[in-house]
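Residue numbers (the working numbering), protein chains in the order written: chain A, 1 to 493; chain B, 494 to 611; chain C, 612 to 766. This report refers to the structure that appears directly beneath it.
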Amino acid sequence: MAELVPLFVAVPLCLAFFSLITSKVFKRSSDILTFMSTLFLLLLSLKFIGTSTIDYLVGNWPWPLGIQLHIDKFSVILLLIIQVIGFLAAFYALSYMERYTAKPKFYALFLLMIAGMNGVVITGDLFNLFVFLEIASIASYALVGFGVESEELEASFKYLILGCVASAMILLGIAIVYADTGSLNMADISMFIRTYGVPKSLLFVYALFIMGFGLKAAMVPFHAWLPDAHPSAPAPISAMLSGVLIKALGIYAIARLFFGVFGVNSMIGNTMLVLGVLSMVVGVFLALGQYDIKRQLAYHSISQMGYVMVGLSIGALAKSPEVAVLGMAGGIYHAINHATFKTCLFLCSGAIEYGTGTRDMRKLGGLFKKMPFTSLATAVSALSISGVPPFNGFWSKLIIIIALFQAKLYAVAGITILVSFVTLLSFIKLQRYTIYGALPENLKKVKEVPFSMALTLIILAVLCLALGLGYPYISDFLKDTSTGLRELLTYKI
Amino acid sequence: MLVYYLCLVFFMIGIYCLIAKKNIVRKIIGLVIIEYATNLFFILVGYRHNGIAPIILPNMKGDISGFAAKAVDPLPQALVLTSIVIGFGTLCLMVALAIRLNEKYRTFDTTEINRLKG
Amino acid sequence: MSKEKKKNEGMTLITKTITNSLVSVIAMFGAYIALYGHLTPGGGFAGGVIIACSFILLTLTHSKNISLKIFPDLAASLLDNIGALGFAVIGLLGFTAGAFFYNFIAKDEPFGLLSSGTILFSNIAIMLKVMAGVFAVFVGLSIWSRIVSDTDKEE
């Protein structure tokens, strides 16, 4: 079982380059290879669901010297999210990317991005995390500007500059950690800090890591790239960026490093709480005035990531362990839910753009009669993100609010409820402008989207409902995950 | 110790260049300076005063622990090699984007490349 | 008329003569740095960049067409992918002997060419990839030769 772990990185990497060779001979081969590779990775990740912690040493080098791959329950949840959303986005892109040129290069970059994200999630070594973070980030910079119009190039350039500064800060942090502790292995650093205490210069490293990974996770002072990059990307890439990349590169790295390696205290907990609350409030209030569908969804991504960060910060601030575990379980559950409903919303907006040719809400209306599947999926996911029962957004927001009340953070709980209400307002606006209302004259001839896109939307809408109704079955798994996440990393020989 | 602070000053110069200049090519140079500063800091972490190069010559094969006490740390050198390659790849992407942006907007001035607002 | 134009493009005669004899020496030096990467400083990336520099020197002194005749862009694209695939396959072949990226080739006596096992083949794969990649980037960037620079503001 442990020998299958490096395949998560090796298979997409090999197939990305192999599909570039075969697509020069046979045009459709890149579609088939991407579909098979994402399906294989999905089935492989389903095999890891019930396992205990796996440690794999690459190249059989002894423990602190080589690269170690470390999988525990939190990694398994993120691997599942990456593989499921990756498979659905690749399936959606089979019809959507026909409108762009150079489809084989799109699939090669897509597989490289999945390889990078998988690598971030399974690694147990700090510099290896940095290398895979860079692979995923550079692939996403190129994918954001894939349709080379002027607005997309501007968005890609802005994202590139900010992302490179963040990566340089992360590398500086890794250099200072190596200078202090003499090792790059996460478990080794954790054991060093436990025996010798926290060195003084590690506080600077905390700041650097929060700046660097916070930019990748689109927390509020560092969010400026997201409202330009996510609308300009092609729809399956917007879904991957918003649904998976900001979680795997940002939230996962912050959670793993601060809970598992460095150890949380109230200072880090308060920082995460402030960042989360700022992201929630700023994201949702800036989203109210947008008329571009995808730009509104991008601002809502910032807001929902604030929810996840608030959930994780309860794990650092709460006095009693049950409240901490409940808060973190709520945060992780909200990350899973956000992956499903935000992906569905972005793919629906891509379908609307494919069918009608515009993304401006003021020019749309009454699509309920002409595009039934798209309208149904939009309605279901809009209700999910607003927190309407029985869809999945309601349950995760409820758990976070209950944990906030139990941790005696009443003001933050009030802000959370207010933000949820404003989210509902802006999604009522989205639905009224796009789905309901009168059909304008120039849109009388729109048709439903092709089969692969419609099937993906229906699968995601069903997943939204199933994750909401299925909470009693996964609640124990989530609580075990948060309990495991709160422990510091060790290595048992 | 002074050397590490000077590396951070170098990093600050790169950030100043990235923020204060309006031309795209000068911003790219600022970003390259930031990456140079980070790589330089990482290499200097592995320095040992009066150390020898971490290469085992044929006449040192008997005394490995003495060699390890005298040699400069080779791990940051390998990591910085990887980091330089990553920086080079990003630089290629940046320059290609700058050329395409100039083709679309007809200028290298970032105050005029601002169609995405709000 | 066109034959005179072809003889006059590129740099002067002195540069062209020296480049013609120097390009192969530079490429050989780059191959040496890549192959002995496990003993001396350098390795695959540095060797690949030096060989790509020899092609770039050819492009600068003559013209893009001549260097594309020697190393066409289709060959660059294929070599790029074959290099990356080679590196990944070396990693996967380590599974036959124990673990991912295990050094499974028998090692010869120290300080020889074959003394490092799979590192030699990894260096060769990376050298091919970087050589093809850097040259392809240079050729790709030189397609846009019409850059408008009259709006460049002095800061």
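Cβ coordinates follow ideal geometry from the N, Cα and C atoms, glycine included. Note that this is a predicted model, so its numbers are computed, not measured.
At a Cβ-Cβ threshold of 8 Å, residue 186 of chain A and residue 489 of chain A count as neighbours. Chain-ordered listing is empty here: chain A has no CB closer than 9 Å to the CB of residue 655 of chain C, the nearest sitting near 16 Å.
Counting C-beta pairs closer than 8 Å gives three or more between the stretch 168-176 of chain A and the stretch 201-219 of chain A, which meets the contact rule.
Secondary structure of residue 673 of chain C (DSSP, three-state): coil. The Cβ-Cβ distance between residue 236 of chain A and residue 93 of chain A falls below 8 Å. Contact between residue 400 of chain A and residue 311 of chain A holds: CB atoms are separated by about 5 Å, below the 8 Å threshold. For the stretch 704-722 of chain C, the set of residues with a beta-carbon nearer than 8 Å to any beta-carbon of chain A comprises 705, 706, 709, 710, 711, 712, 713, 714, in chain order.
In the three-state reduction of the DSSP assignment, residue 438 of chain A falls in the coil class, being assigned neither a helical nor a strand state. With respect to the 8 Å criterion, residue 114 of chain A and residue 86 of chain A are classified as neighbours on the basis of their beta carbons. Scanning its chain for C-beta atoms nearer than 7 Å, with the 5 sequence neighbours on each side dropped, one finds around residue 66 of chain A the residues 57, 58, 59, in chain order. Checking the DSSP bridge columns, you'll see residue 68 of chain A partnered with A/57. If you look at residue 527 of chain B, you'll find it in the alpha helix (DSSP H) that goes 517-538. By the rule that beta-carbons nearer than 8 Å mark a contact, residue 747 of chain C does not touch chain A. Inter-residue distance for residue 483 of chain A and residue 324 of chain A is about 9 Å (C-alpha atoms, whole angstroms).
Neighbours of residue 511 of chain B across chain C, judged by C-beta separation under 9 Å, do not exist; the nearest C-beta is about 12 Å away. Among the CB atoms of chain C, none fall inside 8 Å of the CB of residue 148 of chain A. Contacts with chain B (Cβ-Cβ distance below 7 Å) from the stretch 162-195 of chain A involve 164, 165, 168, 171, 172, 175, 178, 179, listed in chain order.
A buried status is given to residue 342 of chain A, since no fewer than 16 other beta-carbon atoms sit within 10 Å of its beta-carbon.
In the three-state reduction of the DSSP assignment, residue 564 of chain B falls in the strand class. For residue 626 of chain C and residue 515 of chain B, the gap between their C-alpha atoms comes out near 37 Å. Close to chain B, meaning a Cβ-Cβ distance shorter than 7 Å, is no residue of the stretch 202-223 of chain A at all. The Cβ atoms of residue 252 of chain A and residue 121 of chain A lie closer than 8 Å to each other.
Three or more beta-carbon pairs separated by less than 8 Å link the stretch 725-740 of chain C to the stretch 707-715 of chain C, which places the two stretches in contact.
With a threshold of 8 Å between beta carbons, residue 689 of chain C makes contact with chain A. Counted as a single uninterrupted DSSP element, the alpha helix (DSSP H) harbouring residue 315 of chain A occupies residues 293-317. Taking a cut-off of 8 Å for Cβ pairs, the stretch 732-748 of chain C and the stretch 652-670 of chain C touch, as three or more such pairs fall below it. Residue 387 of chain A and residue 450 of chain A have their C-alpha atoms spaced approximately 30 Å apart.
Contacts between residue 699 of chain C and chain A, judged by CB atoms closer than 7 Å, involve 10, 13, 14 in chain order. Contact annotation: in the stretch 629-662 of chain C, residues whose CB is within less than 9 Å of a CB in chain B are 650, 651, 652, 654, 656, 657, 660. Counting C-beta pairs with one atom in each stretch, the stretch 187-197 of chain A and the stretch 161-169 of chain A have fewer than three that are closer than 8 Å, which means they do not touch.
The beta-carbon distance between residue 355 of chain A and residue 294 of chain A, rounded to whole angstroms, is 15 Å. This is too long to meet the 8 Å contact definition. When the Cα atoms are used, residue 430 of chain A and residue 83 of chain A turn out to be separated by approximately 29 Å.
About 5 Å separates the CB atoms of residue 327 of chain A and residue 315 of chain A; that is less than 8 Å, so the two are in contact.
Along the stretch 15-38 of chain A, there is no position whose C-beta sits under 9 Å from a C-beta of chain B.
For residue 123 of chain A, the three-state secondary structure derived from DSSP is strand. Interface with chain C (8 Å Cβ-Cβ cutoff): residue 592 of chain B is included.
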